[in-house]
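Numbering (my numbering), first residue to last: 6 to 182.
Yeah, the Cβ is synthetic: ideal placement off N, Cα and C, and Gly gets one too.
Note that this is a predicted model, so its numbers are computed, not measured.
Some notes on the structure that comes next.
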């Protein structure tokens with residue numbers, strides 16, 4: 006849900022904690038929910054130099070994390086602040102969790118007597134080599150079918166690719182159709 010500021014919207018006061026620990030009064034304009042938490046759009050009063058050499062009042066706006074840099078002002082209501090929230094996760098996302106990146110990588114281990122050995126990993130596996138080219142499912146299955154290539158059990162490549170290589174019925178122990 007996103008609400009935008011209405012023309013008559015007036016920012017509300019908020020305390021801004023500066024890097025040296027001082028607190029100054031600022032103005033709160035909006036708040037936004039990000040995947041890593043909330044940020045608030047605030048301004049602080051400053052002066053700026055004009056091209057004619059005079060000084061004029063101005064404001065400096067920035068997005069700040071409230072828990073690190075902001076303090077509420079007693080007696081001020083923050084309920085009218087325009088708020089941009091993330092859409093709630095779908096039921097599928099709630100049940101299954103975040104999706105892992107798609108793809109596979111092949112780690113070449115070398116081998117004895119001219120026979121190479123390798124391991125197929127999921128692309129996000131901690132054991133996967135960095136910078137290895139990403140393989141499609143068909144490429145990963147072709148690599149896994151070669152002698153001397155095994156599937157990583159740490160990242161789940163074995164659990165995901167074995168049923169496809171051996172047939173789904175082999176895992177369940179059932180008879181083939």
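| Asked | Found |
| --- | --- |
| Does the beta-carbon distance from residue 137 to residue 112 come in below 8 Å? | yes |
| Short of 8 Å in beta carbon distance, which residues of its chain neighbour residue 20, apart from the five on each side in sequence? Order them along the chain. | 28, 29, 30, 31, 75, 76, 77, 78 |
| Note down, one range per segment and in chain order, each alpha helix (DSSP H) of at least 4 residues found wholly within the segment 101-176. | 142-150, 162-171 |
| Do residue 166 and residue 156 come within 8 Å of each other at the CB atom, strictly closer than that value? | yes |
| Which residue comes first and which comes last in the alpha helix (DSSP H) that contains residue 18? | Residue 18 -> not in any alpha helix (DSSP H); beta strand (DSSP E) instead, spanning 17-22. |
| On a CA-only basis, which of 150, 122, 127 is nearest residue 139? Give me that one, please. | 127 |
| Do residue 65 and residue 44 have their beta-carbon atoms positioned less than 8 Å apart in this structure? | no |
| Using a 10 Å radius around the Cβ and a threshold of 16 neighbouring Cβ atoms, would you call residue 152 buried or exposed? | exposed |
| Going by C-alpha distance, which of 124, 164, 107 is nearest residue 154? | 124 |
| Would you report the Cα separation of residue 86 and residue 57, rounded to the nearest angstrom? | 37 Å |
| Would you list the residues sitting across from residue 52 in a DSSP beta bridge? | 62 |
| Per DSSP, what kind of secondary structure is residue 98 in: helix, strand or coil? | helix |
| Measuring CB to CB, does residue 22 end up less than 8 Å from residue 81? | no |
| Strictly by DSSP, which residues pair up with residue 32? | 18, 48 |
| Would you identify the three-state DSSP class for residue 38, choosing helix, strand or coil? | strand |
| Report back the beta-carbon spacing between residue 91 and residue 40 to the nearest angstrom; my notes put them in contact at under 8 Å. | 7 Å |
| Figure out for me which residue from 25, 42, 46, 24 has the closest Cα to the Cα of residue 33. | 46 |
| Closest to residue 150 by C-alpha separation, out of 129, 72, 122, would be which residue? | 122 |
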